[in-house]
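In terms of UniProt numbering, the sequence shown opens at residue 1 and continues consecutively. Virtual Cβ for every residue (Gly too), placed ideally from N, Cα, C.
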Amino acid sequence: MDGVRRKYGFDPYLALIVAVAQMVVARGASWGQRAFREPLEGPYPHLLLLVGPLALLVHRRFPLLTTAAALGACDLFLIGGYAYGPSFISPAVMLFLLVTRGKRWMAWFMALMTLLSFLSYAWLVGRPDLFHSVWVLTAIMLLMVVGELVRIVRERRMEQERIAEEEARRQASEERLTMAQELHDVLAHNISLIHVQASTALHLIDANPEQARTALATIKTASKEVLGEMRSVLNVLREGAPRSPTAGLDRLDELIERSGLQVSLKRVGSRPLPPQVERAAYRIVQESLTNAARYAPGSEVGVRLEYGERELVVQVSDTGATAPAVLAEAGSGNGIPGMRERASALGGTLVAGPSGGGFQVEARLPLPDEETS
1 MDGVRRKYGF DPYLALIVAV AQMVVARGAS WGQRAFREPL EGPYPHLLLL
51 VGPLALLVHR RFPLLTTAAA LGACDLFLIG GYAYGPSFIS PAVMLFLLVT
101 RGKRWMAWFM ALMTLLSFLS YAWLVGRPDL FHSVWVLTAI MLLMVVGELV
151 RIVRERRMEQ ERIAEEEARR QASEERLTMA QELHDVLAHN ISLIHVQAST
201 ALHLIDANPE QARTALATIK TASKEVLGEM RSVLNVLREG APRSPTAGLD
251 RLDELIERSG LQVSLKRVGS RPLPPQVERA AYRIVQESLT NAARYAPGSE
301 VGVRLEYGER ELVVQVSDTG ATAPAVLAEA GSGNGIPGMR ERASALGGTL
351 VAGPSGGGFQ VEARLPLPDE ETS
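See the structure below:
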């Protein structure tokens, strides 16, 4: 039934309701007006009462023609001297539907035709009094105003739903971009770590098996984390399930331990951080250690976190002697631009470049007041 309704524009349920309503009201009105109106007998008045409901079946497809047919049946019902009232239901419903479905010019035109037809009927039967005319005009205007209000409310609701859907799509797109960036950071860091540790293991496997064993254990841990992060992100993309952030500064010691570098960590101050700032700081340190392991293996790295009142300063520097050409190549990849994007997204800044004989990354991430954080 719903498929037929969508394809052909049928409104069977509404037509049935209007048909029943008109027949019931017609019986009651005919009995109440039996002293001065024609009795509801024979097929003619019943057929006239069914014209409107039958026209409602295809009103969505032929709005003007069906409204005119219902109005004509209503006029013939009144001219036939039958009860005043029941035949108004179909034209009223159709005028209301025209307004709410956005066919406003057609609705107001047919409302004018309805008003003229009722006033003409009153003139034909010899009752063109002012009270009757004002009553008819008021009833039609009230119907049209209610229809306009319903249309406005419905359009506003649809607009709000559209805006909400667009916002949801935008947030989902941003979340996917964030997850892709985090996945890139995790993969870049761990694959670089695996590469460095694999090279170390191959170099020491004969001369120093114990150190080679340690490097292989680091490779195992790093590969396990990569698989876990990939599984987590893919589950989110597949199911849309919420994912708790896995990157936080509380895991910084673990990150340093697995980096394969000589890293010294210094924290200046302490205060609670918003999750997005903490995640960005962790990823910046992770990417910096990745670059150090890739371009300055064996160097000493210093990580400094300075918790200020208005900003968090993240500084990562190494003592490696990376060639300027290599630095330029490293800076043109996705690592440093990705770190800058993370800082910029939070309203912060990131500066990366040569420092002494090595390389330094310094990020400044703004923080809210401690009272509001």
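Which residues does DSSP list as the beta-bridge partners of residue i?
i	result
residue 365	312
residue 360	317 and 353
residue 300	262
residue 267	305
Is the beta carbon of residue i less than 9 Å from the beta carbon of residue j?
i	j	result
residue 265	residue 253	yes
residue 336	residue 346	no
residue 49	residue 73	yes
residue 136	residue 112	no
residue 300	residue 263	yes
residue 78	residue 121	yes
residue 217	residue 204	no
residue 318	residue 302	yes
residue 106	residue 143	no
residue 40	residue 21	no
residue 261	residue 292	yes
residue 69	residue 52	yes
residue 280	residue 363	yes
residue 30	residue 75	no
residue 133	residue 124	no
residue 230	residue 289	no
residue 380	residue 151	Since the first residue shown for the chain is 1 and the last is 373, residue 380 is missing from the structure and cannot be characterised.
Out of curiosity, what's the CA-to-CA distance linking residue i and residue j?
i	j	result
residue 19	residue 92	13 Å
residue 275	residue 141	57 Å
residue 66	residue 95	11 Å
residue 352	residue 278	20 Å
residue 176	residue 168	12 Å
residue 259	residue 367	28 Å
residue 338	residue 181	8 Å
residue 71	residue 108	14 Å
residue 310	residue 348	11 Å
residue 159	residue 102	15 Å
residue 419	residue 155	One cannot answer for residue 419 here, as it falls past the ends of the chain, which runs 1 to 373.
residue 157	residue 164	10 Å
residue 369	residue 197	42 Å
residue 138	residue 130	12 Å
residue 327	residue 355	Unreliable positioning characterises residue 327 in this predicted model, as indicated by a pLDDT of 36, which lies under 50. The coordinate reading is nonetheless provided below. Whole-angstrom Cα-Cα distance: 11 Å.
residue 358	residue 340	20 Å
residue 35	residue 161	54 Å
residue 329	residue 191	Any reading at residue 329 is ruled out, since the residue's pLDDT is 37, under 50, leaving its predicted position unreliable.
residue 248	residue 206	38 Å
residue 153	residue 54	29 Å
residue 342	residue 208	41 Å
residue 320	residue 170	42 Å
residue 178	residue 99	46 Å
residue 17	residue 46	16 Å
Compare the C-alpha of residue i against each of the options and name the closest.
i	options	result
residue 220	134, 201, 272 and 206	201
residue 37	294, 82, 52 and 53	82
residue 306	267, 368, 89 and 21	267
residue 43	70, 80 and 172	80
residue 148	214, 97 and 293	97
residue 344	365, 110, 173 and 171	365
residue 24	163, 89 and 35	89
residue 183	155, 227, 29 and 359	227
residue 298	223, 273, 199 and 355	199
residue 59	209, 47, 15 and 34	15
residue 195	223, 210, 172 and 208	223
residue 304	294, 320 and 270	270
residue 28	55, 87 and 17	87
residue 257	215, 173, 146 and 174	215
**Message:** Contact between the segment 313-322 and the segment 284-301 is defined here as three or more beta-carbon pairs at a separation below 8 Å; is this criterion met?
**Reply:** Yes, since at least three Cβ pairs between the segment 313-322 and the segment 284-301 fall closer than 8 Å, the two stretches touch.
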